[in-house]
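Heads up, the thing below is written out as structure tokens.
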Amino acid sequence: MDWDKLRIFHAVADAGSLTHAGDALHLSQSAVSRQIRALEESLGTTLFHRHARGLILTEQGELLFDATSTMAKKLDSAAARIRDSEEEVFGELRVTTTVGFGTMWLAPRLVKLYERYPELKIDLLLEERVLDLPMREADVAIRMKEPAQADLIRKRLLNIRMRLYATPEYLARAGRPERLADMGTHRLICQNPATPQVQAGAQLTQSVMAQGVHSTLMVNNYFGVLQGVLNHVGVGVLPDYLTADFPLLERVLPEIESVEVPVFLAYPEELRSSRRVNAFRDFVQEEILAYRRAQTGEAALD
5 MDWDKLRIFH AVADAGSLTH AGDALHLSQS AVSRQIRALE ESLGTTLFHR HARGLILTEQ
65 GELLFDATST MAKKLDSAAA RIRDSEEEVF GELRVTTTVG FGTMWLAPRL VKLYERYPEL
125 KIDLLLEERV LDLPMREADV AIRMKEPAQA DLIRKRLLNI RMRLYATPEY LARAGRPERL
185 ADMGTHRLIC QNPATPQVQA GAQLTQSVMA QGVHSTLMVN NYFGVLQGVL NHVGVGVLPD
245 YLTADFPLLE RVLPEIESVE VPVFLAYPEE LRSSRRVNAF RDFVQEEILA YRRAQTGEAA
305 LD
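The C-terminal residue of the sequence shown carries number 306 in the numbering used here, and the numbering is unbroken.
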């Protein structure tokens with residue numbers, strides 16, 4: 005297949021319009037149309053359904069678009085790695101982590117990284133699904149368990165625990181539970197134990213709900229749980245790393261907590277020399293060290 009025709013096909017499929025693709029490629033609509041028609045003829049199939057509102061991929065077109073999307077990502081990644089220099093850090097870096105850690109801990113700190121490297125472009129992929137780093141679904145991962153793949157460089161960042169938190173306003177209104185059985189009279193904010201999440205959090209939630217909790221607010225990520233807690237809705241199951249950024253949260257039932265959850269940073273062996281990856285890794289390790297020092301200081305004060 006002609007690489008140039010594939011490039012044009014990808015642009016048309018991405019834009020859903022010959023005109024918009026032509027604008028992006030600096031080609032006339034007729035030139036784009038000729039290239040698509042020639043590609044369809046060479047493949048012996050129809051790639052687009054044409055209608056008044058634009059273009060829709062056929063089943064065969066979807067298959068080809070999946071392939072060209074993978075090619076485009078690999079080419080972009082290769083180009084950025086080639087441009088990596090001894091002096092500068094720039095280009096796109098795809099980072100994947102959980103919704104909770106990404107929204108509540110990582111994203112608020114990224115301003116410091118951008119101050120150092122203003123030309124860095126970070127694509128932050130927040131989801132509970134574990135992306136495949138060797139297949140380059142992402143460049144770097146921060147996960148709540150050790151990666152299973154053998155061809156990854158991994159660094160253990162810290163251990164966290166899931167605990168119970170509430171605001172002083174909520175506790176003043178609803179009362180402070182003195183033992184686990186008292187949680188039956190409180191509103192619990194948590195993720196549904198059956199949804200994808202850190203297993204330790206699901207187990208802690210199950211133990212609290214076993215007390216006959218009559219009112220709950222279930223959210224499918226910890227950022228939503230945090231918002232409910234901050235707005236005095238109830239007692240939330242949250243990771244302990246939040247206490248550094250939300251010091252007004254009060255711990256409820258201090259003796260109740262999950263087992264330790266390890267947090268790992270990982271990236272493919274082939275990116276060992278990438279300046280973007282190394283810059284991000286060093287930044288995260290610095291922030292983790294600062295977090296640990298703050299936690300140690302708070303523990304000493306207590």
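Every residue, glycine too, gets a C-beta built ideally from N, C-alpha and C.
Can you tell me whether DSSP reads residue i as helix, strand or coil?
| i | result |
| --- | --- |
| residue 21 | coil |
| residue 51 | coil |
| residue 159 | strand |
| residue 72 | helix |
| residue 90 | In this predicted model, residue 90 has a pLDDT of only 49, less than 50, meaning its place in the structure is not dependable enough to derive any value. |
| residue 123 | coil |
| residue 182 | coil |
| residue 95 | strand |
| residue 291 | helix |
| residue 202 | coil |
| residue 113 | helix |
| residue 30 | coil |
| residue 81 | helix |
| residue 108 | helix |
| residue 297 | helix |
| residue 213 | helix |
| residue 225 | coil |
| residue 43 | helix |
| residue 278 | coil |
So if DSSP puts residue i in a beta bridge, which residue, or which two residues, is it bridged to?
| i | result |
| --- | --- |
| residue 171 | DSSP lists no partner for residue 171. |
| residue 60 | 53 |
| residue 219 | 191 |
| residue 270 | 145 and 158 |
| residue 101 | 130 and 146 |
| residue 261 | 167 |
| residue 254 | 170 |
| residue 239 | 192 |
Spatial neighbours of residue i within its chain, please: CB distance less than 6 Å, with the 5 preceding and 5 following residues excluded, ordered by chain position.
| i | result |
| --- | --- |
| residue 201 | 195 |
| residue 245 | 109 and 164 |
| residue 100 | 129, 135, 142 and 145 |
| residue 15 | 25, 28 and 29 |
| residue 287 | 117 |
| residue 199 | 224 |
If I'm right that residue i touches residue j with Cβ under 8 Å, what's the distance once you round it to whole angstroms?
| i | j | result |
| --- | --- | --- |
| residue 171 | residue 253 | 7 Å |
| residue 188 | residue 216 | 4 Å |
| residue 248 | residue 295 | 5 Å |
| residue 292 | residue 238 | With 8 Å as the limit, residue 292 and residue 238 do not qualify as a contact, their Cβ atoms being about 30 Å apart. |
| residue 140 | residue 81 | 6 Å |
| residue 279 | residue 93 | 5 Å |
| residue 32 | residue 58 | Not quite, the Cβ-Cβ distance comes to about 18 Å (not below 8 Å), so this is no contact. |
| residue 208 | residue 277 | Incorrect: roughly 41 Å between the Cβ atoms, too far for contact. |
Looking only at its chain, what residues have a beta carbon closer than 7 Å to the beta carbon of residue i, apart from the 5 residues adjacent to it on each side?
| i | result |
| --- | --- |
| residue 65 | 17, 51 and 52 |
| residue 260 | 168 and 184 |
| residue 44 | 50 and 51 |
| residue 181 | 187, 190, 256 and 257 |
| residue 34 | none |
| residue 98 | 127, 129, 142 and 143 |
Quick one: what's got a C-beta closer than 8 Å to residue i's C-beta in the same chain, skipping five residues either side?
| i | result |
| --- | --- |
| residue 177 | 236 |
Cβ contact (3+ pairs, closer than 8 Å) linking the segment 220-229 and the segment 259-274: In short, these stretches do not touch, since the Cβ pair count stays below three.
Stretch-stretch touch, CB-based, cutoff 8 Å, three pairs: the segment 141-149 with the segment 102-109: Verdict: yes, contact present.
contact_flag[the segment 8-19, the segment 59-79] where n(CB pairs < 8 Å) is 3 or more: A contact exists between the segment 8-19 and the segment 59-79.
Cβ contact check for the segment 223-238 and the segment 107-126: 3 or more pairs under 8 Å: Verdict: yes, contact present.
Any 3 or more C-beta pairs closer than 8 Å across the segment 154-163 and the segment 204-212: Under the three-pair Cβ rule at 8 Å, the segment 154-163 does not count as touching the segment 204-212.
The segment 150-157 / the segment 117-128 touching (three or more Cβ pairs under 8 Å): Judged by pairs of C-beta atoms under 8 Å, the segment 150-157 does not touch the segment 117-128, as fewer than three such pairs exist.
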